[in-house]
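In order, the protein sequence lines correspond to chains A and B.
First residue of the first sequence? That's 1 in the working numbering, and the numbers climb one at a time after it.
First residue of the second sequence? That's 1001 in the working numbering, and the numbers climb one at a time after it.
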Amino acid sequence: MVDLNSYLIIGAVLFSLGLFGVITRRNGVAVLMGVELILNAANVNFVAFSRFGGMDLSGHVFSLFVIILAAAEAAVALAIILNIFNNMGTINIDEADQLRQ
Amino acid sequence: MVVFSTNLIYSAVALLFTLLGVAGLYVFLWADFIAVTQILIYVGGILVIIIFGIMLTHRITSVRLSHSSMQQGTGGAIVLVIFVGLTSMIFRAPWYRVAAVEPEETVRQIGRLLMIDYLLPFEVASVLLLAALMGAALLSRKVD
């Protein structure tokens, strides 16, 4: 029986793996991938609640907004990472520790 | 795979398959419009941006495209605690359940919701996208 709990578990797994990526990866792009996983976990929960929890189609609209925010965030974050790489020659987030060049 | 592989390109490809799997879950949840949007924007847009970022931030001449992790033990412990907490919360919480009926056409209703109930967030999101695009173009421009 596939019900709400299984989808919530999938969301929790995605969230945990994304958080693991965010706090353990050294590469900036890989940290970005972890953030994408976390946003996907939120989306799965939204759509699952709209299917099982009486949230109707508002959940779909919310997950649309989350996707829009993820797109904007990815574009800006990649631009920032490119700048860090140009200025410091590395994108390892524990080595890029100075604000001035 | 996304968070464990040491090759960055492998991580990106694993992320691709993860996103496709989540799109399949949306189809199972009667959210066809969200599934198509997920494939278009995530797989077609964000993943391409991420791969561009990988390509641009590693010198083409350098063969080494790997990256390492740090503090895997501590991070794994913290994440495990969080996951166990979430799971027990999920199984114990009295969720409000409604036997939903399958919507016939989600696209029309989503459009109606966007244009009537959620008009202000929709416009704000469009302004935010414009600002993000301008900011990204400004940040990645060569300063001379």
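Positions of the beta carbon are idealized from the N, C-alpha and C atoms, including for glycine.
On a predicted model such as this, the values are computed, not experimentally measured, just so you know.
Counting along the chain, threonine 1074 of chain B sits inside the alpha helix (DSSP H) bounded by residues 1072-1092. With distances taken between CA atoms, leucine 1015 of chain B lies nearest to B:Ile1051 out of B:Met1134, B:Ile1051 and B:Glu1105. When C-beta atoms of the segment 72-80 of chain A are compared with those of the segment 1124-1136 of chain B, three or more pairs fall below 8 Å, so the two segments count as touching. The Cβ neighbour count for serine 6 of chain A, taken over all protein chains shown within 10 Å, is under 16; the residue is labelled exposed. Among the bridge pairs identified by DSSP, asparagine 86 of chain A is matched with none. Closest in alpha carbon position to valine 1043 of chain B, among A:Val47, A:Phe46 and A:Leu37, is A:Leu37.
Scanning its chain for C-beta atoms nearer than 7 Å, with the 5 sequence neighbours on each side dropped, one finds around glycine 59 of chain A the residues Phe46, Val47, Phe49 and Ser50, in chain order. For glycine 1076 of chain B, the closest of A:Leu8, A:Leu4 and A:Gly21 by C-alpha to C-alpha distance is A:Gly21. Between the C-alpha atoms of tryptophan 1095 of chain B and valine 29 of chain A there is a straight-line separation of about 37 Å. Counting only runs of at least 4 residues, the segment 1008-1068 of chain B fully encloses the following alpha helix (DSSP H) elements, listed from N- to C-terminal order: 1008-1028, 1032-1037 and 1047-1057.
For glycine 1024 of chain B, the closest Cβ of chain A is not nearer than 9 Å.
Within the segment 1119-1139 of chain B, the residues whose Cβ lies closer than 9 Å to any Cβ of chain A are, in chain order, Pro1121, Phe1122, Ala1125, Ser1126, Leu1128, Leu1129, Ala1131, Ala1132, Leu1133, Gly1135, Ala1136, Ala1137, Leu1138 and Leu1139.
Here isoleucine 93 of chain A has Arg26, Gly28 and Val31 as same chain residues with Cβ atoms under 7 Å from its own Cβ, once five neighbours each way along the sequence are excluded. From the listed residues B:Ile1049, B:Ile1082 and B:Met1089, the smallest Cα separation to isoleucine 80 of chain A is found for B:Ile1049.
The beta-carbon distance between serine 63 of chain A and isoleucine 1034 of chain B, rounded to whole angstroms, is 6 Å. This is short enough to meet the 8 Å contact definition. The CB of isoleucine 1041 of chain B comes closer than 7 Å to the CB of Ile67 and Ala71 in chain A, given here in chain order. Contact check for asparagine 40 of chain A against leucine 57 of chain A fails: the beta carbons are separated by 9 Å or more. Ranked by Cα distance from phenylalanine 52 of chain A, the first of B:Arg1092, B:Val1036 and B:Phe1028 is B:Phe1028.
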